[in-house]
Amino acid sequence: MYSCWVFGAALAAMAAVALGDQDSYALRARATEECRYKKEAWSECDNATNTQKRKLLLKRGSGSCDPTKELTRRCKKACRYEKGAWNACDAATNTRRRTDKLKVKSDQSCQPTRTVTKKCKSTSGCRYNRNSQWSDCDSKTNSRNKVMHLMSGDAAQCEPTKTISKPCRVRRI
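Sequence positions in the sequence shown follow mature numbering (1 follows the signal peptide of the UniProt record, and there is no 0) and run -20 to -1, 1 to 153.
In structure tokens:
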């Protein structure tokens, strides 16, 4: 009985040593592959984007490590704006703008106004019935189609039908 206990204890000790060697090897291997960076200070807050940037410079690492990295985060001080009304779509640039005003309780170092620009949405007002059925899969093109008919909108500006396509699903057996 005593010899079984000694054998079991010895076996457990050998397993612990073997596992310990594996763990230390993994730690050593990871340490040589890891990229270590020196962090520069965060930049001043860019009031237009309400973000700050920080550069990271490679301190230690293999050739696969990027020599520099850049982190971006939102500023801690909040530049809070009251949203203005969108102007009409500019046909030349296909964009519209709005001017927002700084809210009273915001940090006064923020810009007093900001301009937001975005692309215009289609104003044709063409609406199509999406309830039609998809066609069977075309084995040559591996796609199926749906023909949608005009529900509402200016018939002079809208196509009477629109066809959309999508790839066929591959069925797994």
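No residue lacks a Cβ here, since even glycine has one placed at the ideal position from N, Cα and C.
**Q.** Straight-line gap, residue 154 to Ala136 (C-alpha atoms, nearest Å)
**A.** Beyond the ends of the chain as shown, which are -20 and 153, falls residue 154; an answer cannot be given.
**Q.** Where the beta strand (DSSP E) containing Asp80 begins and where it ends
**A.** 75 to 82
Q | Bounding residues of the beta strand (DSSP E) (the contiguous stretch that carries Ser123) | A | 123 to 132
(Q) Tell me the rounded alpha-carbon separation between Gln88 and Cys55. (A) Each residue's Cα considered, the two are about 14 Å apart.
Q | Segment contact flag, the segment 127 to 145 with the segment 93 to 102, C-beta cutoff 8 Å, min 3 pairs | A | No: the two stretches stay apart, fewer than three of their Cβ pairs being nearer than 8 Å.
Q: Would you please state the rounded distance, in angstroms, between the beta carbons of Gly41 and Arg16? I believe it to be under 8 Å.
A: 6 Å
Q.
With H, G and I counted as helix, E and B as strand and the rest as coil, what does DSSP make of Ser145?
A. strand
Q) Measuring CB to CB, does Gly133 end up less than 8 Å from Cys106? A) Yes; because the gap between Cβ atoms is below 8 Å, this pair is in contact.
Q. So Leu38 packs on Thr48, CB below 8 Å; how close in whole Å?
A. 7 Å
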